[in-house]
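> Numbering (this note's numbering), first residue to last: 3 to 335.
Don't be surprised by glycine CBs; every beta carbon is placed ideally from N, CA and C.
#1: Could you give the C-beta distance for residue 50 and residue 174, rounded to a whole number, given that I count them as a contact under 8 Å?
#2: Can you give me the Cβ contacts of residue 157 inside the same chain, cut-off strictly under 6 Å, excluding the 5 residues immediately before and after it?
#3: Could you say which of 116, 35 and 81 lies nearest to residue 104 if we only look at CA atoms?
#4: From this set, 136, 334 and 323, which residue's C-alpha is nearest residue 306's C-alpha?
#5: Taking only runs that begin and end inside the region 57 to 132, name each unbroken alpha helix (DSSP H) of 4 or more residues, in chain order.
#6: Please state if the CB of residue 127 and the CB of residue 154 are separated by a distance shorter than 8 Å.
#7: Determine, using beta carbons only, whether residue 111 and residue 162 come nearer to each other than 8 Å.
#8: Find out if the Cβ-Cβ distance for the pair residue 42, residue 10 is shorter than 8 Å.
#9: Would residue 321 and residue 176 be called neighbours here (beta carbons separated by less than 8 Å)?
#10: Taking all protein chains shown into account, decide if residue 240 is buried (16 or more other Cβ within 10 angstroms of its Cβ) or exposed.
#11: Strictly by DSSP, which residues pair up with residue 154?
#12: Output needed for residue 318: all residues of its chain with C-beta closer than 7 Å, excluding positions within five of it in sequence on either side, in chain order.
#13: What number of angstroms, rounded off, separates the C-alpha of residue 24 from the C-alpha of residue 52?
#14: Which class does residue 317 belong to by DSSP, given the choice of helix, strand or coil?
#15: My guess is that residue 33 and residue 57 are in contact by the Cβ rule of under 8 Å, so how many angstroms apart are they, rounded?
#16: Thinking C-alpha only, which one of 21, 313 and 309 is nearest residue 276?
#17: Residue 284 and residue 180 - do their beta-carbons sit closer together than 8 Å?
#18: With DSSP collapsed to three states, give me the class of residue 265.
#19: Leaving aside the five residues before and after residue 30 along the sequence, list all residues of the same chain whose C-beta is less than 6 Å from its C-beta, in chain order.
#20: Do you know offhand how far residue 55's Cα is from residue 28's?
#21: Which of the three DSSP states is assigned to residue 54 in this structure?
#22: So who's on the other strand from residue 271, going by DSSP bridges?
#23: When DSSP labels each residue in this structure, what does residue 208 get in the three-state scheme?
#24: Does DSSP classify residue 334 as helix, strand or coil?
#25: Below 7 Å CB to CB, which residues in the same chain sit around residue 294 once its five sequence neighbours on both sides are set aside?
#26: Looking at the secondary structure, which residues open and close the beta strand (DSSP E) in which residue 32 lies?
#27: Drop a sphere of 10 angstroms on the beta-carbon of residue 271, count the other beta-carbons inside from all chains shown, and report buried for 16 or more, exposed for fewer.
#28: Nearest-angstrom Cα distance between residue 331 and residue 66?
#29: At the level of alpha carbons, what is the spacing between residue 327 and residue 302?
#30: My output table needs one value for residue 144: the three-state DSSP class, helix, strand or coil.
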């Protein structure tokens, strides 16, 4: 079976793509085309170039100290990491190949952050395409190619299905790295369009959005008050007794309709930036998936690893392999 493979963005969780590719090959399927964003472009490009095994051997041998040594800090630059050392190592594995010379059709997706446009790399330096596609804002410095400032492709297309549609294939397999434990199934399989009920795009979007919007956030305080409990722990007035005034000289004394909690002690600026980006990408991904669904979607839980946990290759690869096997068994492929 000829499979069009779509590999999403998500930092170190992208090692799971390796496990998915290994499972595809184990089952005897052919990869007909690959598109990738961010870490997906790196793993996908290495597979298209026939160099993924070499990269896997290198990545699984990295310790946390090795990873820290690869981070060439650039605190005065528009990104914490220049990533020259990382892509220097990847470049040695790739041996400076061009995309048009790859045996498998490949597309790396980046974002033009000045013109707000999606950019597809289908020709030219594979290494440079990977570099542009994976320039995660605030973490990795963007690159300038042909006068355009390019950053992570996941900003506009976290799981880029569209580039693979031009290549004939039997099945499209997409790998998302934005899974939310306890709220999103690890694996989902799309039904063939010939057999599915003719639900509207609007309905698909509505269902896709339902897991992202907490419509009850500001209602819970009101519900507690209706049930006889005040939000600040003070008993409400008995039935039939009206308070003497609804105003307070001190705004802080007013009964709140929601509770103000404390931020986690381990929450830092980069964590907030990362979670904000992931929130945005999750929303975009669901809209994109509704318009361009894959036949099989494998979703890697976000809890598998942190965005920068690049020393956990072996365990993340195994998660990808296991979830791919479950998805393929369910889809009977």
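Let me spell this out:
#1: The pair is not a contact, with the Cβ atoms about 16 Å apart (cut-off 8 Å).
#2: Cβ within range, chain order: 113.
#3: 35
#4: 323
#5: 66 to 72 and 86 to 96
#6: no
#7: Result yes, Cβ atoms of residue 111 and residue 162 sit closer than 8 Å.
#8: yes
#9: In this structure, the beta-carbon distance from residue 321 to residue 176 does not fall below 8 Å.
#10: Its pLDDT being 45, under 50, residue 240 is placed unreliably by the model, and the measurement read from it follows with that caveat. Looking at its Cβ environment, which holds fewer than 16 other Cβ atoms inside 10 Å, residue 240 is exposed.
#11: 112
#12: 14, 15, 17, 18, 306 and 307
#13: One alpha carbon belongs to residue 24, the other to residue 52, and they sit about 13 Å apart.
#14: Collapsing the DSSP output to three states places residue 317 in a helix.
#15: Approximately 16 Å separates the beta-carbon atoms of residue 33 and residue 57; this is outside 8 Å, ruling out the contact.
#16: 309
#17: yes
#18: coil
#19: none
#20: 14 Å
#21: helix
#22: In the DSSP output, where bridge partners are listed per residue, residue 271 has none listed.
#23: Note that residue 208 scores a pLDDT of 46, beneath 50, so its modelled location is shaky and nothing firm can be said.
#24: coil
#25: Excluding sequence positions up to five before and after residue 294, its CB lies within less than 7 Å of the CB of 163 and 164, all in the same chain and listed in chain order.
#26: 32 to 39
#27: exposed
#28: 35 Å
#29: Taking the straight line from one Cα to the other gives about 13 Å.
#30: coil
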